[in-house]
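Notes for the one structure printed next.
Number of protein chains: 2
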Amino acid sequence: MVLTEKHKELIERIGVFHEHKGMQPLVGRIIGLLLVHDEGEVSFDEIVEQLGVSKSAVSNALTFLQAKGRCVYSTRPGDRKRYFALKVSDWKEDFTKELENIAEIQKFIDEVLEVRTDKTPEFNCRMRDFSNFLDFFKKEIPALFERFKKQQA
Amino acid sequence: MVLTEKHKELIERIGVFHEHKGMQPLVGRIIGLLLVHDEGEVSFDEIVEQLGVSKSAVSNALTFLQAKGRCVYSTRPGDRKRYFALKVSDWKEDFTKELENIAEIQKFIDEVLEVRTDKTPEFNCRMRDFSNFLDFFKKEIPALFERFKKQQA
DNA sequence: CTGTTAGTTCTGCAAATACAGAACTAAAAA
DNA sequence: TTTTTAGTTCTGTATTTGCAGAACTAACAG
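In order, the protein sequence lines correspond to chains A and B. full-length UniProt numbering puts the first residue of the first sequence at 1, with every later residue one more than the last. full-length UniProt numbering puts the first residue of the second sequence at 1, with every later residue one more than the last.
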């Protein structure tokens with residue numbers, strides 16, 4: 001597949017977006033490439049060529065993406081190459097994980113509340129409020145997907 | 001205020017948590033200190049002493065936190081020191097921002113769908129599904145807070 | 001057995017990060 | 001006016017990051 005300027009520019013922006021989420025630059029670019037690539041599956045070599053980076057960098061980035069469960073590869077009979085693709089299948093799972101990750105702050109809030117004295121009742125009250133909300137939020141996640149399903153039909 | 005080992009250890013863990021979110025180490029530690037500190041407000045000097053870091057590092061970190069709107073300082077009559085505190089007041093706003101930030105991926109998903117051919121209908125379909133969900137999700141955020149309010153009462 | 005393909009692991013380095021320490025600034029105190 | 005206080009900005013540096021390139025490995029091909 002030949003990438004147009006538009007493709008390349010979009011890949012870069014998707015890369016930067018993922019960099020901001022803490023991923024290393026190339027990892028974000030690879031996600032971008034796998035997203036815009038027509039065939040869905042992209043060979044190791046093609047990633048190297050399209051992004052103009054070294055094999056070692058691609059190898060490490062793909063190992064990372066696979067470890068994170070964001071990417072898989074398949075093979076074809078009579079072809080030793082690996083074809084990589086994103087696991088868009090379980091976006092619900094991924095999204096849930098991200099939401100739960102945000103809510104992880106609750107664990108700390110609760111620990112903080114345990115060590116705090118009652119010198120600052122308003123502060124403590126707000127924190128407890130926030131903790132209660134996070135509790136509520138986590139429980140609401142499944143319901144969220146259900147409401148979406150209903151609304152779809 | 002004298003910090004116990006428990007306090008210090010909790011500050012470190014809160015620091016690491018924020019590092020994973022892309023903040024620089026000291027910024028995370030300062031958030032931790034402001035969270036566990038009894039008085040709620042902590043002077044510049046005390047931050048320097050409690051965390052054992054340089055004034056310059058603290059100055060930069062606090063400038064960053066204030067720019068991000070996560071921290072404010074107040075002053076006291078006849079006292080030139082600045083007392084820093086977290087802005088826990090608007091956790092709803094902060095949380096909303098974080099959720100919207102997650103949903104920002106939708107912008108890219110939609111752009112990706114525009115440049116993709118229909119060679120991979122299933123992939124495209126899943127992406128469209130995800131985009132629709134993100135749409136739904138963003139609209140649901142205010143309702144989420146409302147349901148929490150109701151449940152509280 | 002030798003060569004080739006496809007990818008991995010190791011080594012090194014250029015650039016970015018995160019901080020220390022010193023010099024500096026602005027305002028209040030003496 | 002000089003000094004002190006409280007914090008900022010500048011300069012240098014140790015550490016970490018992100019990648020390139022080379023050496024290596026495993027499997028198949030000739």
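In this text, a Cβ means the ideal position worked out from N, Cα and C, and glycines have one as well.
Taking a contact to mean a Cβ-Cβ separation below 9 Å, would you say residue i touches residue j in this structure?
i         : j         : result
Ile-105/B : Leu-134/B : yes
Ser-74/B  : Arg-80/B  : no
Glu-100/B : Lys-138/B : yes
Val-36/A  : Val-48/A  : no
Phe-108/A : Arg-29/B  : no
His-20/A  : Ile-31/A  : no
Arg-116/B : Asp-38/A  : yes
Cys-71/B  : Leu-113/B : no
Give the DSSP-derived three-state secondary structure of residue i in the structure shown.
i        : result
Ser-59/A : helix
Val-42/A : strand
Leu-3/B  : coil
Ala-85/A : strand
What separation, rounded to the nearest whole angstrom, lies between the Cα atoms of residue i and residue j?
i         : j         : result
Gly-40/A  : Asp-90/B  : 42 Å
Leu-3/B   : Gln-50/B  : 8 Å
Leu-86/A  : Gln-152/A : 25 Å
Leu-26/A  : Arg-126/A : 41 Å
Phe-136/B : Ser-54/B  : 47 Å
Lys-149/A : Asn-124/B : 19 Å
Thr-120/A : Asp-129/B : 46 Å
Ser-56/A  : Asp-110/B : 32 Å
Val-16/A  : Glu-5/B   : 39 Å
Asn-132/B : Gly-78/B  : 57 Å
Ala-67/A  : Glu-93/A  : 16 Å
Phe-145/A : Glu-98/A  : 14 Å
Leu-10/B  : Leu-10/A  : 41 Å
Asn-60/B  : Glu-122/A : 29 Å
His-7/B   : Phe-84/B  : 18 Å
Asp-118/B : Gly-52/B  : 59 Å
With DSSP as the reference, identify every bridge partner of residue i, one or two as the case may be.
i         : result
Arg-76/B  : Asp-79/B
Cys-125/A : BP columns for Cys-125/A are empty, so no partner.
Relative to the C-alpha of residue i, which candidate in the options has its C-alpha closest?
i         : options                                     : result
Met-23/A  : Leu-62/A, Cys-125/A and Asp-38/A            : Leu-62/A
Ile-141/A : Asp-118/A, Ala-103/A and Phe-123/A          : Ala-103/A
Thr-96/B  : Ala-85/B, Val-112/B, Ala-143/B and Lys-55/B : Ala-143/B
Arg-76/A  : Ser-43/A, Ser-131/A and Glu-122/A           : Ser-43/A
Gly-69/B  : Val-88/B, Ser-56/B and Gly-52/B             : Val-88/B
Asp-45/B  : Phe-145/B, Glu-122/B, Met-1/B and Glu-98/B  : Met-1/B
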